[in-house]
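Data first, discussion second: the structure below is written as structure tokens.
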Amino acid sequence: LIADNHFGVREVVWMALRPEIDKNVEQSIEILSSWTKSENENIRRFTTESTRPRGVWCKHIERLKKNPKIALPILENLKSDKSKYVQDSVGNWLNDASKSEPNFVIELCEKWKNELPTQETEKIIKRALGTINKK
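Take 3 as the starting number for the sequence shown in my numbering and just add one per residue.
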């Protein structure tokens, strides 16, 4: 279902699984990080949408708000994803994290910019720093 062609189906699935992810954050990240290598962009996007610290229309994952580093196995694998759909999701994930842990996001974006200055990474960084740059 996470690869379904219908956007609504995919959204309902990650919202339904999110409470379980919240209960088992580390184990979930470990499983989801392997999915970041999928050829299907919907599956790759699922890994970030389902773990967003401040998910839209759902309860926040407090552990990820306080310690977003936990999700680095997912984020690092997607830092230069070719899919705009995935790029937007990674950027949104980091923008969420910037509201409680701005230094983590700033440092990670600087690291990525120096390590991998691709167009894809630049797009993610721009979205990730959206809230920080408004201040």
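Glycine included, every Cβ here is placed at the ideal spot set by N, Cα and C.
TODO: With DSSP as the reference, label residue 132 as helix, strand or coil.
DONE: helix
- [ ] Determine, using beta carbons only, whether residue 34 and residue 53 come nearer to each other than 9 Å.
- [x] yes
Task: Opening and closing residue of the alpha helix (DSSP H) in which residue 111 lies - done: 104-117
Task: Separation of residue 120 from residue 55, as counted between CA atoms - done: 25 Å
TODO: Label residue 48 either buried or exposed according to how many other C-beta atoms from any shown protein chain fall within 10 Å of its C-beta, with 16 as the threshold for buried.
DONE: buried
- [ ] With a threshold of 16 other CB atoms inside 10 Å of the CB of residue 36, please say whether the residue is buried or exposed.
- [x] exposed
Task: Residue environment, residue 18, which counts as buried when at least 16 other CB atoms sit within 10 Å - done: exposed
TODO: Could you have a look at residue 94 and say whether DSSP puts it in helix, strand or coil?
DONE: helix
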